[in-house]
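There are 2 protein chains.
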Amino acid sequence: MTLPDPPQAILTEPITDPTAWLAAELPVPEGVVHELTPAHLDEITALTKALRTEPLPLLADREPWRALARRTMPGLSELAHSTAHRTETHIGTAVLRGLPVADLAPDEIRGLYRALGAVMGTAVSQNTRGEYIADVRDYGNGGLDNSAVRGHQTTSALRFHSDDGDLALLLCVRPAADGGTSLIASAMTIYNELLRRAPHLLGLYYNGFVYENRDEEDPPAYRNAVFGYYHGQLTCRYFLRDYVDSSPAVTQVPVSDLERHALDLFEALAARPGAATEYALRAGDLQLVNNNIVVHSRRSFSDGAEGGGRLLLRQWVNLDGGRQFPTTLCRHRYGMRKKPDARD
Amino acid sequence: MTLPDPPQAILTEPITDPTAWLAAELPVPEGVVHELTPAHLDEITALTKALRTEPLPLLADREPWRALARRTMPGLSELAHSTAHRTETHIGTAVLRGLPVADLAPDEIRGLYRALGAVMGTAVSQNTRGEYIADVRDYGNGGLDNSAVRGHQTTSALRFHSDDGDLALLLCVRPAADGGTSLIASAMTIYNELLRRAPHLLGLYYNGFVYENRDEEDPPAYRNAVFGYYHGQLTCRYFLRDYVDSSPAVTQVPVSDLERHALDLFEALAARPGAATEYALRAGDLQLVNNNIVVHSRRSFSDGAEGGGRLLLRQWVNLDGGRQFPTTLCRHRYGMRKKPDARD
Chain W
1 MTLPDPPQAI LTEPITDPTA WLAAELPVPE GVVHELTPAH LDEITALTKA LRTEPLPLLA
61 DREPWRALAR RTMPGLSELA HSTAHRTETH IGTAVLRGLP VADLAPDEIR GLYRALGAVM
121 GTAVSQNTRG EYIADVRDYG NGGLDNSAVR GHQTTSALRF HSDDGDLALL LCVRPAADGG
181 TSLIASAMTI YNELLRRAPH LLGLYYNGFV YENRDEEDPP AYRNAVFGYY HGQLTCRYFL
241 RDYVDSSPAV TQVPVSDLER HALDLFEALA ARPGAATEYA LRAGDLQLVN NNIVVHSRRS
301 FSDGAEGGGR LLLRQWVNLD GGRQFPTTLC RHRYGMRKKP DARD
Chain F
1 MTLPDPPQAI LTEPITDPTA WLAAELPVPE GVVHELTPAH LDEITALTKA LRTEPLPLLA
61 DREPWRALAR RTMPGLSELA HSTAHRTETH IGTAVLRGLP VADLAPDEIR GLYRALGAVM
121 GTAVSQNTRG EYIADVRDYG NGGLDNSAVR GHQTTSALRF HSDDGDLALL LCVRPAADGG
181 TSLIASAMTI YNELLRRAPH LLGLYYNGFV YENRDEEDPP AYRNAVFGYY HGQLTCRYFL
241 RDYVDSSPAV TQVPVSDLER HALDLFEALA ARPGAATEYA LRAGDLQLVN NNIVVHSRRS
301 FSDGAEGGGR LLLRQWVNLD GGRQFPTTLC RHRYGMRKKP DARD
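Quick note, the sequences are listed as chains W and F, same order.
Here the first sequence stands for residues 1 to 344, numbered as in full-length UniProt numbering.
Here the second sequence stands for residues 1 to 344, numbered as in full-length UniProt numbering.
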């Protein structure tokens, strides 16, 4: 009689490559910053001029956007592509600084942003309307205690979490009047700490937690593994804890004390002094967050009386030749299914 | 900043006391057998005579049953009490052999059985009708693929499992024409093997699995931990796997591959050669199964054309001064809640 084989191996050695880092080891809070040059700005002008003569819908496929970017912005496209793909083996995050958001009209900003995303990888839909670009701002509908609300629609502090694509691209159009700073921590470092401090709980993270599926698609709840190990590579996806807390309304089974502990421990390891880097995004910063490697959070913010309020644009992008990982992670890696009856 | 404390410790050392055993180490397949003596049989005659003059309902409280047993069967009561409580620190099972079931009327058998249970501990209700004694026989309603059916109502092989009380008392009134043998394995030995072979999965067993709540009471599904560690003592409760497999109908969340693996591994460790003892109960055998320490199963059976078919009676009994264990295990330890509208 043979014993059954596990569906996947569990990594029992710590990660020792650059993807496992502490904030104190970063040269700057952003980790990596690439300031745009005057030549890059000239390329952006060429792009916006081309878009005026040959308009391209934001919902068009990737390929025409990528071709347009490569043609009008060869230098910036090269920088964007290499920066994006380097996050996979480096520290999992970087910032492109100095996009001229103050000098561009709203639709020009979105066009530039869609073009840069198309260079980096394949954008995926973030909702049932099939949209590639979501506004991260105060929607005025309150906080995450409301099951109809998603994190990017609030002013609340967001817990550490991952997004669905390999990369989250966050473009700061307007910072908040107060608060809203970004925090990023290496999930690989968190794994190393879990391996050292709570090795017997690792199976819980590989099995994952049940999340309410908010405003998106069937089924009403789903399981997501926090860690998966595939072909010698560890991958993380840690979705917003609030969706676990609200899942019993669907499953009729309470979240257990041990599950709560595992979630608390993960977040405490992300938030402990020295683990996460924290900084304010500036207008014109394009932040790259590799969801396979890091988790991110933000402080709560408040908008001033003037200026329209904090606005980030968000894309989820899968890298070309991106890693494979177990299907237990991230059912929405390839986007939310567009529903026929959803409004565009 | 301090990290959160776990809700309970995880045992990281193997169990080395007599509760962790292999079948080959048992002197006889039953582990411990106490044959009733002629003096015990005379005591049983005294009990049945007393019941004819002072009838006592099976649903009466424990105390009058215990008093009657102690008065009419002092020797057998002492043996039953000591045998039951020794299972806690010994191998978790024993058999009292030679109850005169062939010489007693059906209600006398149930009276004797209720009396012996009352000596050993506090019987708990096994269903929403508040019954202390359940018939384990073919109810003719088919197998466990039907969510309205419970294991004791079928002729199927039952997987390794635990029952709800500290002790399951199984009285064999009539064996099957063919099959139906009992298997018992030490859950403490299974734990030792899991600790050695799959230490990173232990958290899954401490967190437990979600079970459909069949035909019993609210809620429609609940989580049960397989192992719990409390005040230096490990306790197991492994409920019928079939109820996990059918739980997604309630929770709308599939059982994960890793959960299936953890269940498969537990059962494979119970069933592997040399782990479980197997033997046939004889008419008049009273089998004690300590659910804190062992798991049990049975082969499928078929009844012959004559004789009324296999009949075991089952009680669930909590020991006096029984162990404490985490509330994550065994929500029905103190019985199924009687529903006002259920028929007695």
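Every residue, glycine too, gets a C-beta built ideally from N, C-alpha and C.
The model shown is predicted, which means the values in this text are computed figures rather than measured ones.
- Counting only unbroken stretches of 3 or more residues, the beta strand (DSSP E) elements lying wholly within the segment 290 to 339 of chain F are 294 to 298 and 311 to 319, in sequence order.
- What P220 (chain W) touches in chain F, judged by beta-carbon distance under 7 Å, is Q252, going in chain order.
- The DSSP-derived three-state label of Y238 (chain W) is coil.
- Neighbourhood of H261 (chain W) in chain F, by CB distance below 7 Å: P4, P6 and P7, in chain order.
- Scanning its chain for C-beta atoms nearer than 8 Å, with the 5 sequence neighbours on each side dropped, one finds around R298 (chain W) the residues A157, L158, G180, T181, S182 and L183, in chain order.
- Within the same chain, Cβ atoms closer than 6 Å to the Cβ of L263 (chain W) are found at R241, the five residues on either side in sequence being excluded.
- In terms of CA proximity to L313 (chain W), W:D285 leads the group W:H40, W:H90, W:D285 and W:R323.
- In this structure, DSSP gives H34 (chain W) an extended state, which the three-state scheme calls strand.
- With a contact defined as Cβ atoms closer than 8 Å, P326 (chain W) and Y230 (chain W) qualify at about 5 Å.
- Each residue's CA atom was taken as its position, placing L11 (chain W) and I190 (chain F) some 23 Å apart.
- The beta carbon of A50 (chain W) sits closer than 6 Å to the beta carbons of T72 from its chain, once the five residues preceding and following it are set aside; these are given in chain order.
- If you draw a straight line from the Cα of M188 (chain F) to the Cα of A23 (chain F), it comes to about 13 Å.
- Collapsing the DSSP output to three states places L202 (chain W) in a helix.
- Contact annotation for S256 (chain F) against chain W: P7, N207, G208, R223, A225 and T328 [CB-CB distance below 9 Å, chain order].
- In the structure shown, V244 (chain W) adopts helical secondary structure according to DSSP, grouped into three states.
- Distance from the CA of D145 (chain W) to the CA of V244 (chain F), rounded to the nearest whole angstrom, comes to 30 Å.
- Within chain F, no residue has its CB atom less than 8 Å from the CB of I15 (chain W), the nearest being about 16 Å off.
- A Cβ of chain F is located within less than 8 Å of the beta carbon of D264 (chain W).
- No Cβ-Cβ contact shorter than 8 Å links Q252 (chain W) with A249 (chain F).
- Contact between the segment 273 to 285 of chain F and the segment 162 to 182 of chain F is present: three or more C-beta pairs spanning the two stretches fall below 8 Å.
- Within the same chain, R62, W65, R66 and A69 come within 7 Å of A118 (chain W) by CB-CB distance, once the 5 residues on both sides are set aside.
- Below 8 Å, too few C-beta pairs join the segment 98 to 116 of chain F and the segment 191 to 198 of chain F to call them touching: fewer than three.
- Straight across, the Cα-Cα distance linking H332 (chain F) with T89 (chain W) is about 51 Å.
- At least one CB atom of chain W sits nearer than 8 Å to the CB of G203 (chain F).
- Taking 8 Å as the upper bound for CB-CB distance, V294 (chain F) and S186 (chain F) are in contact here, some 6 Å apart.
- Distance from the CA of L167 (chain F) to the CA of P4 (chain F), rounded to the nearest whole angstrom, comes to 36 Å.
- For A20 (chain W), not one C-beta of chain F is nearer than 8 Å to its own C-beta.
- Proximity of H200 (chain W) to chain F, defined by a Cβ-Cβ separation below 8 Å, is satisfied.
- Fully contained in the segment 51 to 116 of chain W are the following alpha helix (DSSP H) runs of length 4 or more, in chain order: 62 to 72 and 74 to 86.
- Annotated as proximal: G121 (chain F) and L319 (chain F), with beta-carbon spacing under 8 Å.
- The beta-carbon of A67 (chain W) is placed no less than 8 Å from the nearest beta-carbon of chain F.
- For a Cβ distance threshold of 9 Å, residue set M1, T2, L3 and P4 of chain W lies close to A268 (chain F), ordered along the chain.
- In this structure, F:R196 is the residue among F:H200, F:R196, F:N291 and F:S302 with its C-alpha nearest to the C-alpha of I15 (chain F).
- Nearest to P6 (chain F) by alpha-carbon distance, out of W:L258, W:V95, W:T48 and W:G322, is W:L258.
- Contact between G203 (chain W) and T328 (chain W) does not hold, since the beta-carbon distance rounds to 12 Å and is not under 8 Å.
- In this structure, the CA atom of R86 (chain W) is about 20 Å from the CA atom of R114 (chain W).
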